[in-house]
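Quick notes on the structure that follows.
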Amino acid sequence: MILILNGSPNKGSMTLALTENFVKHLHKEFEIFHCYDLHIQSCNDCKFCDHKLGCNKVDDMEEIYQALRKTDTLILSSPIYFGAFSNELLKVINRFQRYFAERFVHHKKLDFHINRLIVVTSAGSKSDNMFDGARLTFDILANLFQVKEKHFITASDTDHIPAIDNKEALKQIEELKKKMVP
Ligand SMILES: Cc1cc2nc3c(=O)[nH]c(=O)nc-3n(C[C@H](O)[C@H](O)[C@H](O)COP(=O)(O)O)c2cc1C
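Heads up: the sequence shown at position 50 corresponds to 49 in numbering that gives the first Met the number 0, and the numbers run straight through without jumps.
Spelled out as structure tokens, the structure:
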């Protein structure tokens, strides 16, 4: 299954439009979680997961933890906010700290396997380094989940060009579609 974590608060998210345009051609089952509609507590470094397996917070993250068990392809779809993924998506990502502790403190294998990590992201400006922060987060997650494949799709300059019309992003998506649709 494809799991999409939508990090845009916009009902007409340009980034999600690009992601959906890509996913609908794959003819695979997918599920979208809209991070801004979920009730998710921030990781507050309470150290629970350093001592025990799992997380002691009870909230909508449970649905994402369950969905990850069925996920083959994880897509993070998010605008860039101040050089990073949006805050509500980052909140979800920070709650993956339990997996970090499972692997690197408790030396356990994760009980699910994600084969492919894809980021689809957009930024208002044209600046070359605007995606650097999100790319670092992407690399950390790819390492945490030990993915086989990773792809980072960017649409810049959305202040002037809607993400869905961004030629570079559409080219990246076409190449990925060819790989994913046999
Ligand atoms: C709080 C906030 C912070 C933003 N920070 C940046 C930024 O650092 N760099 C940038 O290029 N665009 C920035 N933007 C613009 C968004 O990244 C851009 O409009 C994006 O394409 C919106 O995507 P969406 O329609 O999927 O929500 C920011 C927008 C908001 C609301």
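Where is the CB? At the ideal position from N, CA and C, for every residue including glycine. Quick caveat, the model's predicted, so the values are computed rather than measured.
Exercise for the section: Could you work out which residue in Thr18, Leu25, Phe81, Ile63 is closest to His38 when comparing CA atoms only? Expected result: Your numbering for residue 38 matches position 39 in the sequence shown. Of Thr18, Leu25, Phe81, Ile63, the residue nearest in Cα terms is Ile63.
Practice task
Alpha carbon to alpha carbon, how far is His50 from Ala16? Give it in angstroms, no decimals.
Solution key: As a working note, residue 16 is residue 17 in the sequence shown. As a working note, residue 50 is residue 51 in the sequence shown. Approximately 41 Å, taken between the alpha carbons.
Practice task
Give the DSSP bridge partners of Ile172, in chain order.
Solution key: As a position in the sequence shown, residue 172 is number 173, starting the count at 1. According to DSSP, Ile172 bridges with nothing at all.
Practice task
Taking Met60 as the reference, give the member of Ser76, His33, Phe47, Ile163 with the closest Cα.
Solution key: Start at 1 with the first residue of the sequence shown, and residue 60 comes out as number 61. Of Ser76, His33, Phe47, Ile163, the residue nearest in Cα terms is His33.
Practice task
Would you kindly check if the distance between the Cβ of Val119 and the Cβ of Ser85 is under 9 Å?
Solution key: Looking up residue 85 in the sequence shown gives position 86. Looking up residue 119 in the sequence shown gives position 120. No, these two residues do not count as a Cβ contact at 9 Å.
Problem - CB of Val158 within 9 Å of CB of Gly123, strictly - result: Here residue 158 corresponds to residue number 159 of the sequence shown, with the count starting at 1. Here residue 123 corresponds to residue number 124 of the sequence shown, with the count starting at 1. Position check: residue 158 holds Asp in this sequence, whereas Val was assumed. Yes. Within cutoff.
Practice task
Return yes when the C-beta of Phe21 is under 8 Å from any heavy atom of ligand 1, and no when it is not.
Solution key: Taking the sequence shown and counting its residues from 1, the one referred to as residue 21 is at position 22. False, no ligand heavy atom lies under 8 Å from that Cβ.
Handout entry: Burial state of Lys147 (16 or more Cβ within 10 Å)
Key = Translated into positions along the sequence shown, residue 147 becomes position 148. Classification of Lys147: exposed, given that the 10 Å Cβ count is below 16.
Handout entry: Boundaries (first-last residue) of the alpha helix (DSSP H) holding Glu19
Key = Residue numbering aside, residue 19 sits at position 20 when the sequence shown is read from its first letter. Looking at the DSSP string, the run of the alpha helix (DSSP H) that includes Glu19 is 13 to 22.
Problem - From Pro161, Ser126, Leu109, residue whose alpha carbon lies closest to that of Asn142 - result: Taking the first residue of the sequence shown as 1, we reach residue 142 at position 143. Per the Cα distances, Leu109.
Practice task
Could you have a look at Phe103 and say whether DSSP puts it in helix, strand or coil?
Solution key: The residue you call residue 103 lines up with position 104 of the sequence shown. In the structure shown, Phe103 sits in a helix (DSSP, three-state: H, G or I).
Problem - Leu2 beta carbon less than 9 Å from that of Thr70 - result: Looking up residue 70 in the sequence shown gives position 71. Looking up residue 2 in the sequence shown gives position 3. Yes, Cβ-Cβ distance for Thr70 and Leu2 is below 9 Å.
Practice task
In angstroms with no decimal places, state the Cα-to-Cα distance between Gln65 and Lys56.
Solution key: In the sequence shown, the residue the question calls residue 65 occupies position 66. In the sequence shown, the residue the question calls residue 56 occupies position 57. For Gln65 and Lys56, the distance between alpha carbons rounds to 15 Å.
Handout entry: Strand pairing of Ile117, partner residues [DSSP]
Key = Residue mapping note: residue 117 aligns to position 118 of the sequence shown, counting from 1. DSSP output for Ile117 lists Ile74, His150 as bridge partner(s).
Handout entry: Distance between Glu28 and Gln96 (C-alpha atoms, nearest Å)
Key = Locating residue 96 in the sequence shown gives position 97, where the first residue counts as 1. Locating residue 28 in the sequence shown gives position 29, where the first residue counts as 1. Cα to Cα, Gln96 sits roughly 27 Å from Glu28.
Handout entry: Bounding residues of the alpha helix (DSSP H) (the contiguous stretch that carries His50)
Key = If you number the sequence shown from 1, residue 50 lands on position 51. Segment 47 to 50, the alpha helix (DSSP H) holding His50.
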